[in-house]
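J.:
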């Protein structure tokens with residue numbers, strides 16, 4: 042049986058696309074936007090709010106240990122969304138092998154000791170700018186580089202709040218791949234080979 046595969050990714054590195062191709066190659070479920078839909082159904086929050094808050098946090102929020110979250114009496118909507126996402130991620134992972142993108146899924150699965158492998162997709166700024174322009178187009182109000190830096194900072198802050206660890210730190214991952222150098226297909230191949238070698 043393949044492990045559950047989590048994909049952490051720098052904005053513009055192609056992590057979503059790589060994760061989806063891995064899931065297709067291994068014939069296992071793929072969860073990214075699907076998590077938003079399930080969280081919306083279970084939490085009652087609007088999909089737009091979940092998409093906005095799902096990997097972002099604000100300085101007004103206080104970090105809390107998810108192991109003691111059930112003892113909290115007062116939670117912000119963002120905290121509630123995080124807990125709902127955590128539940129959905131665990132439900133997906135417990136069903137069997139799958140690919141899950143972002144949302145602290147690596148940390149969540151490690152804490153629950155679920156058979157999983159954790160991958161970080163990164164790339165140089167030049168390749169990321171090219172990909173973001175190709176996928177999202179120009180934004181007249183802000184440069185592409187600043188959009189990328191802002192998105193990464195939001196993910197880094199969110200991850201820090203809910204895990205007390207550093208997003209992008211190599212110690213948190215089993216495999217780190219530079220999609221700018223390797224290309225998508227080689228990244229997909231490397232992840233699939235790792236999953237196949239680790240399969241029980």
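In our numbering, the protein residues as written are 42 to 241. Glycine included, C-beta positions come from ideal geometry on N, C-alpha and C. In this text, all values refer to a predicted model and were calculated from it rather than measured experimentally.
1. From 218, 222 and 224, pick the residue whose C-alpha is nearest to that of residue 235; which is it?
2. Return the bridge partner residues of residue 163 from the DSSP annotation.
3. Flag this pair as touching only if the segment 175-189 and the segment 222-231 have three or more C-beta atom pairs under 8 angstroms; answer yes or no.
4. Among 239, 240 and 200, which residue has its Cα nearest to the Cα of residue 120?
5. Cβ of residue 233 within 7 angstroms of Cβ of residue 45?
6. Could you check the C-alpha separation between residue 191 and residue 205 for me, to the nearest Å?
7. Out of 51, 127 and 71, point me to the one whose CA is closest to residue 60's CA.
8. Go ahead and label residue 160 buried or exposed: buried means 16 or more other beta carbons lie within 10 angstroms of its beta carbon, across all protein chains shown.
9. Going by DSSP, what residue range makes up the beta strand (DSSP E) through residue 45?
10. What distance in whole Å lies between the Cβ atoms of residue 240 and residue 242, which are believed to be in contact at a cut-off of 8 angstroms?
11. Buried or exposed, going by whether 16 or more other CB atoms sit within 10 Å of the CB of residue 134?
T.: For this structure:
1. 218
2. 219
3. no
4. 200
5. no
6. 20 angstroms
7. 71
8. buried
9. 45-50
10. Given that the chain is displayed from residue 42 to residue 241, the structure contains no residue 242 and the question cannot be resolved.
11. buried
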